[in-house]
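Enquirer:
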Amino acid sequence: MSGPTRPMTLFDVGTRAMAAQMVRMNAATSNLANVNTVAGSAQGAYRPVRPVFATALDAASGLSTVKVQGVYQSGATPVRNHDPDNPLADANGDVWGSGVDENAEMLEITDASRQYQNMVEAMQTAKQLTLDTMRIKTS
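Using my numbering, you'd call the opening residue of the sequence shown number 76 and step up by one each time.
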């Protein structure tokens, strides 16, 4: 049996936001790692993954943050290449590439990294303000 849950704090919000950006970066990094992979069929080709986020409201504190609903394969179409010498080639001599857009993935990583850094700075500011408030109270 668990006890009552405590209200969410600003630091909880920041931690969840940073965790969401890490999921975003990990998904984009996974996509980049598979950019040149091929398969013998369109069904077997790597499909890029994308995280899906939702708002999480904490009624006790009135704060809202983000939660990761899941990481799902995107609808990107695999790219067919004629490469009859490839051991994975189908009967027509075709292999199927991942369809990962390297530029889009790099932008995703860059944006997620910036958002993560923004949250680090916001949490450092919140920490400093909390410490300053505590010093005022003890003075």
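In this text, a Cβ means the ideal position worked out from N, Cα and C, and glycines have one as well.
Going by the CB atoms, is the gap between ALA187 and ALA40 shorter than 8 Å?
Expert: Given that the chain is displayed from residue 76 to residue 214, the structure contains no residue 40 and the question cannot be resolved.
Enquirer: Of all the beta strand (DSSP E) runs that stay within the bounds of the segment 135-179, which reach a length of 3 or more residues?
Expert: Whole beta strand (DSSP E) segments, 3+ residues: 138-148, 154-157, 169-172.
Enquirer: Are there 16 or more other CB atoms within 10 angstroms of the CB of GLN96, so buried, or fewer, so exposed?
Expert: The residue given as residue 96 occupies position 21 in the sequence shown. Counting Cβ neighbours within 10 Å, GLN96 comes out buried, since at least 16 surround it.
Enquirer: Which partner residues of ALA45 appear in the DSSP bridge assignment?
Expert: Residue 45 cannot be examined here, being either before or after the span of the chain that is shown, 76 to 214.
Enquirer: So which of ARG155, ASN111, PHE128, TYR147 has the shortest CA-CA distance to SER139?
Expert: Mapped onto the sequence shown, residue 139 falls at position 64. Cα-wise, what sits closest to SER139 is PHE128.
Enquirer: On the DSSP letters alone, give me the boundaries of the beta strand (DSSP E) that THR90 sits inside.
Expert: As a first step, residue 90 must be located in the sequence shown, where it is residue number 15. No beta strand (DSSP E) contains THR90, which is instead part of the alpha helix (DSSP H) from 85-108.
Enquirer: Give me, in chain order, the residues of the same chain whose beta-carbon lies closer than 6 Å to that of GLY115; leave out the 5 immediate sequence neighbours on both sides.
Expert: Here residue 115 refers to the residue found at position 40 when the sequence shown is read from its first residue. The residues are LEU163, ASP165.
Enquirer: Among ASN106, THR112, ALA120, ASP133, which has the Cα closest to the Cα of VAL88?
Expert: For the purposes of this step, residue 88 is identified with residue 13 of the sequence shown, where counting begins at 1. The shortest Cα separation from VAL88 among ASN106, THR112, ALA120, ASP133 belongs to ASP133.
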